[in-house]
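Below is one structure, written out as structure tokens; the observations come after it.
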Amino acid sequence: MSSAGADESLADGVRRGERRALARAITLLESTRGEDRPRADALLNALLPATGRALRLGISGVPGVGKSTFIEALGLRLIGRGHRVAVLAVDPSSSLSGGSILGDKTRMERLSQQEAAFIRPSPAGGTLGGVSGRTREALLACEAAGFDVVLIETVGIGQNETTVAGMTDLFVLLQLPNAGDELQAIKRGVMEVADLVAVNKADLDQAAATRACATLANALGGFAAHSHGTRPPVLTVSALQGEGIDRLWTEVERIAGERRASGAFDARRRQQSLSWLWDTVHAALLDDFHAHPAVQAALPALLADVSAARIAPPVAARLLLDRFEH
Ligand code: GDP
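So the sequence shown is numbered by the numbering used here: it starts at 133 and just counts up by one.
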């Protein structure tokens, strides 16, 4: 079969919800080889009409807060209600460390055995379109395959949350019950993108978890410029015991329903599509810039000159851009 014919049947397989086809499609979309890009682009466009129908939920929190336990508990519950659940990860740090979250096969073992679940670790390394671009493409492929809830996990280190909020409909931040003492991740950027905050491990100390809720609700109230103008609900959950998960999902559906009714839901997606276009352009230009031989040749000396204050930073930048353009 020609590669175009093979890719057409790959797209058909994805649309029929075949998991192997979906896995192969995502591998093609994630490829960092320039020669794969035309096929990947054709596949993406072929799948596009079948996308957009999932609820896209971002989930973040510091390592150990219980993200994978929570995703497994939530995922199993949603499958029990007839949903099909895909789990993806955004881990920009993995391009540095070479590792990846969700990489550990023992995580989410029960969920991964479900026919109605699809779990994909974050792509490691490479820059073509950036890690987040590849996760966005994987998300569309999952939607085309009929997964109607897509959970995107990221490690809470500030920048990641903004990236994931930029590709999801709703963003859930998990916190530990000792938030009252330490208030982890109460960084302005993170709180501004959180649509819902869940204090996990409430089973360990319900009173502490309830106190943490009050402290967090208070802190959130201080962020008057929250992106949606409403204060995100703060709930206690126990991912391990499955407590509070139903209530959390009810809140997710309520918020999503309100935004659908107001038009904010679709507006956010349109905005995200445009941002994705620009992100891709910026990333590609930056790659070209760094790969340019004349830029590479001039860079070390100019960096040294800027560090030693022998040349003004914008002047050095313009010298580099001149070399890039000529
Ligand atoms: P992640 O690093 O955020 O993905 O966290 P994990 O899901 O791997 O959980 C870290 C540890 O916390 C594991 O030992 C879990 O069993 C435990 N854990 C997760 N959720 C809960 C919970 O609700 N209650 C209790 N007591 N332990 C939990």
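Idealized CB from N, CA, C, for every residue including glycine.
Task: Rounded C-alpha distance that separates E204 from D437 - done: 52 Å
Open item on the list: Residues around the ligand GDP, please: the ones whose beta-carbon is closer than 6 Å to some heavy atom of it, in chain order.
Closed with: G193, P195, G196, V197, G198, K199, S200, T201, N332, K333, D335, L336, S370, A371, L372
- [ ] Just mark G193 as buried or exposed, buried being the case when its beta carbon has 16 or more other beta carbons within 10 Å.
- [x] buried
TODO: Could you name the residues that DSSP lists as bridge partners for Q307?
DONE: V331
Task: Own chain residues within Cβ distance below 7 Å of I158, not counting five before or after - done: R252, A270, A273
Task: Residue burial classification, D144 (beta-carbon count within 10 angstroms, cutoff 16) - done: exposed
Open item on the list: Excluding the 5 residues flanking Q404 on each side, which residues of the same chain have their C-beta closer than 8 Å to its C-beta?
Closed with: G298, M299
TODO: Give the DSSP-derived three-state secondary structure of G190 in the structure shown.
DONE: strand
- [ ] Compute the beta-carbon to beta-carbon distance between D378 and R209, rounded to the nearest angstrom, for a pair I have assumed lies under 8 Å.
- [x] 7 Å
Task: Span of the alpha helix (DSSP H) around L243 - done: 241 to 244
- [ ] Quick one: grab the DSSP three-state call for E390.
- [x] helix
TODO: Would you identify the three-state DSSP class for L220, choosing helix, strand or coil?
DONE: strand
Open item on the list: Along the chain, where does the beta strand (DSSP E) containing F397 start, and where does it finish?
Closed with: Per DSSP, F397 belongs to no beta strand (DSSP E); it is in the alpha helix (DSSP H), 396 to 423.
Task: S407 versus D301 - alpha carbon distance - done: 14 Å
TODO: Assign V447 to one of two classes, buried (16 or more other C-beta atoms within 10 Å of its C-beta) or exposed (fewer than that).
DONE: exposed
Open item on the list: Taking 7 Å as the limit between beta carbons, can you name the residues of its chain near V146, skipping five residues before and five after?
Closed with: A153, L154, A157, L179, A273, A276, A277
TODO: Report the rounded CA-to-CA distance for H414 versus V329, giving the unit in angstroms.
DONE: 32 Å
Open item on the list: Quick check on the DSSP output: the alpha helix (DSSP H) that includes E204 runs from which residue to which?
Closed with: 199 to 212
Open item on the list: I'd like the list of long-range same chain contacts for A172, defined as Cβ closer than 8 Å, with 5 residues on each side in sequence excluded.
Closed with: L160, L161, S163, E269
Open item on the list: Taking its Cβ as the centre, do 16 or more other Cβ atoms sit within 10 Å of E241, making it buried, or is it exposed?
Closed with: exposed
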